[in-house]
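Okay, so here's the structure we're looking at.
Protein chains: 2
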Amino acid sequence: MAKTLGLHILADLYGVDADRIDRVEDIRDLLESAVKVANLTKISSHYYQFQPHGATGVVLLAESHISIHTWPEHGLATVDVYTCGDPTKAYRAMDYIINTLEPKRVDKQIHDRGIIDERRQSEELRSILVNSLT
Amino acid sequence: MAKTLGLHILADLYGVDADRIDRVEDIRDLLESAVKVANLTKISSHYYQFQPHGATGVVLLAESHISIHTWPEHGLATVDVYTCGDPTKAYRAMDYIINTLEPKRVDKQIHDRGIIDERRQSEELRSILVNSLT
Numbered sequence: 003m004a005k006t007l008g009l010h011i012l013a014d015l016y017g018v019d020a021d022r023i024d025r026v027e028d029i030r031d032l033l034e035s036a037v038k039v040a041n042l043t044k045i046s047s048h049y050y051q052f053q054p055h056g057a058t059g060v061v062l063l064a065e066s067h068i069s070i071h072t073w074p075e076h077g078l079a080t081v082d083v084y085t086c087g088d089p090t091k092a093y094r095a096m097d098y099i100i101n102t103l104e105p106k107r108v109d110k111q112i113h114d115r116g117i118i119d120e121r122r123q124s125e126e127l128r129s130i131l132v133n134s135l136t
Numbered sequence: 003m004a005k006t007l008g009l010h011i012l013a014d015l016y017g018v019d020a021d022r023i024d025r026v027e028d029i030r031d032l033l034e035s036a037v038k039v040a041n042l043t044k045i046s047s048h049y050y051q052f053q054p055h056g057a058t059g060v061v062l063l064a065e066s067h068i069s070i071h072t073w074p075e076h077g078l079a080t081v082d083v084y085t086c087g088d089p090t091k092a093y094r095a096m097d098y099i100i101n102t103l104e105p106k107r108v109d110k111q112i113h114d115r116g117i118i119d120e121r122r123q124s125e126e127l128r129s130i131l132v133n134s135l136t
């Protein structure tokens, strides 16, 4: 049986108020809150202020990562939420980010990441066991 | 005219030799080399060793980011290369990572990120200028 390890949501947010995505402090507040709201496990987080406009933020998670890049001059933020395990956490984090930034339009793509054939793995494991016993 | 700000390549690499993706030192070498090979501009990079297996790496770029998450026990690495500006740099970085890890199979997705209507922006700018003059 196939099993999916992770869920990756990519969202491009258009028509965002420039004031909400220009300063790295606001981007930090946004991502740190998203991690808490979705009950994700932060390893570390990293932020950068571009000049004259825009910011980047990345949170390394035990469950994978969240990233954001902003272009206030275009009213644009591109957001990735990629989590392993419970997929509802990815949706909850992304919903929080979108609801907070209030874009006029969202272009969203969703991908399964890492599709594992459990049957094949179990056959490989059995073959290793058989070989070790014979 | 529409203009795309960024190119995002998502690749799931299956059948990777576990020894190549288990240790964070190897993941660090891989990503730092990919940045150099593709002539990308690193802001900072961050790595984490999972126990008992696997690693995460993220490079913040002036052009956006590169990330990798590995599951050596499944022979799996999921890689994202997302760059703004010259799209050939994204392909060059991803090709380097794939060629180095030598997976048996790659599941690749490519997305344009941030599609800007330059005509509409220029009309909005003209409207602001007209309003400021009248």
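Protein sequences, first through last, are from chains X and S. Under the working numbering, the first residue of the first sequence is numbered 3, with each subsequent residue one higher. Under the working numbering, the first residue of the second sequence is numbered 3, with each subsequent residue one higher. In this text, a Cβ means the ideal position worked out from N, Cα and C, and glycines have one as well.
Within 10 angstroms of its Cβ, does residue i collect 16 or more other Cβ (buried), or is it exposed?
| i | result |
| --- | --- |
| S:E120 | exposed |
| S:I29 | buried |
| X:T80 | buried |
| S:D21 | exposed |
| X:A4 | exposed |
| X:I68 | buried |
Going by C-alpha to C-alpha distance, which of the options sits closest to residue i?
| i | options | result |
| --- | --- | --- |
| X:G77 | X:H67, X:G56, X:K5 and X:T90 | X:G56 |
| X:A13 | X:S47, X:L103 and X:I117 | X:L103 |
| X:K110 | S:I117, S:R107 and S:D109 | S:I117 |
| S:P74 | S:M3, S:A4 and S:R25 | S:R25 |
| S:I23 | S:Y84, S:I112 and S:P105 | S:P105 |
| S:T72 | S:P89, S:T90, S:Y84 and S:F52 | S:F52 |
| S:D114 | S:T85, S:K91, S:N101 and S:D97 | S:T85 |
Are the beta-carbon atoms belonging to residue i and residue j less than 8 angstroms from one another?
| i | j | result |
| --- | --- | --- |
| S:E139 | S:T43 | This structure cannot settle anything about residue 139 of chain S, because the visible part of chain S is limited to 3 through 136. |
| X:A95 | X:V37 | yes |
| S:Y16 | S:R107 | yes |
| S:G87 | S:I70 | no |
Quick one: measure Cβ to Cβ for residue i and residue j, integer angstroms, because I've assumed they're closer than 8 angstroms.
| i | j | result |
| --- | --- | --- |
| X:I99 | X:L7 | Actually they do not touch by this definition, with Cβ atoms about 23 angstroms apart. |
| X:H48 | S:L62 | 6 angstroms |
Could you run through the region 27-58 of chain S and flag, in chain order, every residue whose CB is less than 7 angstroms away from some CB of chain A?
-> No chain A is present in this structure, whose protein chains are X and S.
Please go through the region 74-131 of chain X and give each complete alpha helix (DSSP H) segment of 4 or more residues, from N-terminal end onward.
-> 89-103
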